[in-house]
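First the structure, in the form of structure tokens, and then the observations on it.
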Amino acid sequence: MVAKHDLHKDFPEYAEQLDSRPQTDAAFAKLLEDYAKLDQQILDLEEVEESSGDEELGRLRRERVLLKDKIAQQLKYPS
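Residue numbers (full-length UniProt numbering): 1 to 79.
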């Protein structure tokens with residue numbers, strides 16, 4: 001199943017931060033940009049690949065989880 005992983009849906013309590021903080025925090029903006037690109041890459045692969053056991057797809061999904069964890073950490077404990 002192809003599903004976009006929207007950070008606003010995953011972190012609704014931080015929606016304002018997700019919208020405003022990238023304008024003043026370049027490092028945070030880069031994290032969000034990297035996440036969006038990776039999520040799109042996964043979506044593109046999921047549309048083509050019928051098998052969810054694909055190694056590349058699994059690796060990218062794990063990378064997305066790690067990136068989402070970094071974003072969550074930044075949202076909860078901004079520097």
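Just so you know, even glycine gets a beta-carbon here, dropped at the ideal spot from N, CA and C. Keep in mind the model is a prediction, meaning the values are calculated, not measured.
| request: Look at the alpha carbon of Arg21 and the alpha carbon of Pro12, and state the distance between them as a whole number of angstroms. | output: Mapped onto the sequence shown, residue 21 falls at position 21. Mapped onto the sequence shown, residue 12 falls at position 12. Those two C-alpha atoms are separated by around 15 Å.
| At what residues does the alpha helix (DSSP H) containing His8 begin and finish? | Start at 1 with the first residue of the sequence shown, and residue 8 comes out as number 8. Where His8 is concerned, the enclosing alpha helix (DSSP H) stretches over Leu7 to Asp10.
| Between which two residues does the alpha helix (DSSP H) containing Asp54 stretch? | Locating residue 54 in the sequence shown gives position 54, where the first residue counts as 1. Taken as a continuous stretch (DSSP letters only), Asp54 belongs to no alpha helix (DSSP H), as it is neither H nor E.
| query | Would you report the Cα separation of Val48 and Glu16, rounded to the nearest angstrom? | reply | Here the question's residue 48 lines up with position 48 in the sequence shown. Here the question's residue 16 lines up with position 16 in the sequence shown. Cα to Cα, the separation comes out at about 34 Å.
| request: Assign Tyr77 to one of three DSSP states: helix, strand, or coil. | output: The residue labelled residue 77 in the question sits at position 77 within the sequence shown. Tyr77 falls in the coil class under three-state DSSP.
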